[in-house]
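Chemist: To start, I am sharing the structure in question, which I have written as structure tokens.
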Amino acid sequence: MKTLLTINGSPRPNSNSARMLEAFEKAAAKYGIRTRRVNLLEMDLQMCRGCLSCFKTGKCIHKDGLNELMTEIKNADGVVLASPVYYGSVTAQLKSFMDRIGLLGEAHGRSLRGKVGGSISVARRWGHLMVQAEEMLWFDRVEMVHVGCGWCSATSTNENDISGDTEGLGYPGRLAENFALLWGLKDGQEQ
Ligand SMILES: Cc1cc2nc3c(=O)[nH]c(=O)nc-3n(C[C@H](O)[C@H](O)[C@H](O)COP(=O)(O)O)c2cc1C
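So the sequence shown is numbered by my numbering: it starts at -16 and just counts up by one.
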């Protein structure tokens, strides 16, 4: 069975990012893809100090659960990253994940190589594409394969809620479908 970790980069409980990930997880389950959610909010992630200890010991010096998360990622087939736009960029929580998991992956013999990734963004108005690009470029940098779906993003203009963006809320389902296509869990006929 294929397994994906879905990484929620929003620091808010009940976030729009979580809603997009839920839609993805529900659709993925239909194709027999197992998912496990990781809410970075609950981890209180520290920042990379650039000490490069991970290259000597194989572990990050911070004791905030990231080493354990790295083990889980190594055992999974891929990750789906979700972040709101914060001043035109991913959240600090997701950036910490990207910096530290990226470096640990290199320290572990480029262990992210060949895994599969999907990217999700939400914004009140502007900047989805920057977050999409940051997530996609991270996959490229760590030698993962990116699965697209026409940019999996939604806009939360009304009351900071993406409920009104029915088009955006449809993208996670398409993303799950494209993972299924890649893994031969769905035939390639257009529906
Ligand atoms: C610090 C901060 C910076 C933000 N910067 C932007 C921005 O540059 N562009 C934008 O459209 N929305 C911006 N927003 C709004 C969020 O992206 C938006 O509310 C999003 O739906 C929140 O997603 P979440 O519920 O997953 O946390 C910002 C919000 C915060 C708190």
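For every residue, glycine included, the Cβ atom is placed at its ideal position computed from N, Cα and C.
Please determine, among Leu(-13), Leu24, Cys43, the residue with the shortest C-alpha to C-alpha distance to Arg32.
Modeler: Here residue 32 refers to the residue found at position 49 when the sequence shown is read from its first residue. Of Leu(-13), Leu24, Cys43, the residue nearest in Cα terms is Cys43.
Chemist: Around the C-beta of Thr(-11), are 16 or more other C-beta atoms found within 10 angstroms, so that it is buried, or is it exposed?
Modeler: Reading the sequence shown from its first residue, position 6 is the one you call residue -11. Classification of Thr(-11): buried, given that the 10 Å Cβ count is 16 or more.
Chemist: Could you tell me the alpha carbon to alpha carbon distance between Phe80 and Lys169, rounded to whole angstroms?
Modeler: For the purposes of this step, residue 80 is taken as the residue at position 97 of the sequence shown. For the purposes of this step, residue 169 is taken as the residue at position 186 of the sequence shown. Their Cα atoms are separated by approximately 31 Å.
Chemist: Identify which residue in Asn(-3), Arg96, Ser(-2) has its Cα closest to the Cα of Phe122.
Modeler: Taking the first residue of the sequence shown as 1, we reach residue 122 at position 139. Out of Asn(-3), Arg96, Ser(-2), Arg96 has the C-alpha closest to the C-alpha of Phe122.
Chemist: With C-beta atoms as the reference, is Phe7 less than 7 Å away from Ala159?
Modeler: Position 24 of the sequence shown, counted from the first residue, corresponds to residue 7. Position 176 of the sequence shown, counted from the first residue, corresponds to residue 159. Their beta carbons are under 7 Å apart, which means Phe7 touches Ala159 by this criterion.
Chemist: On the premise that Leu4 lies in contact with Ala65, defined as a C-beta separation below 8 Å, what is that separation, rounded to the nearest angstrom?
Modeler: Taking the sequence shown and counting its residues from 1, the one referred to as residue 65 is at position 82. Taking the sequence shown and counting its residues from 1, the one referred to as residue 4 is at position 21. The pair is a contact, with the Cβ atoms about 5 Å apart (cut-off 8 Å).
Chemist: By DSSP, does Pro67 sit in helix, in strand, or in coil?
Modeler: Stepping through the sequence shown from its first residue, residue 67 is reached at position 84. Pro67: strand per DSSP, three-state reduction.
Chemist: Hey, which residues come within less than 6 Å of ligand 1, measuring from Cβ to any heavy atom, in chain order?
Modeler: Qualifying residues come out as Ser(-7), Arg(-5), Ser(-2), Asn(-1), Ser0, Pro67, Val68, Tyr69, Tyr70, Gly71, Val105, Ala106, Arg107, Arg108, Trp109, Gly110, Ser139, Asn143.
Chemist: Could you compute how far the alpha carbon of Ser(-7) sits from the alpha carbon of Glu89?
Modeler: Against the sequence shown, residue -7 aligns to sequence position 10. Against the sequence shown, residue 89 aligns to sequence position 106. Those two C-alpha atoms are separated by around 25 Å.
Chemist: Determine the burial state of Leu120: buried for a count of at least 16 other Cβ atoms within 10 Å of its Cβ, exposed for fewer.
Modeler: By one-based count along the sequence shown, residue 120 stands at place 137. With fewer than 16 other Cβ atoms within 10 Å, it is exposed.
Chemist: Give the single residue among Asp60, Thr40, Asn50, Ser146 whose Cα lies nearest to the Cα of Ala106.
Modeler: As a first step, residue 106 must be located in the sequence shown, where it is residue number 123. The candidate whose alpha carbon is nearest that of Ala106 is Ser146.
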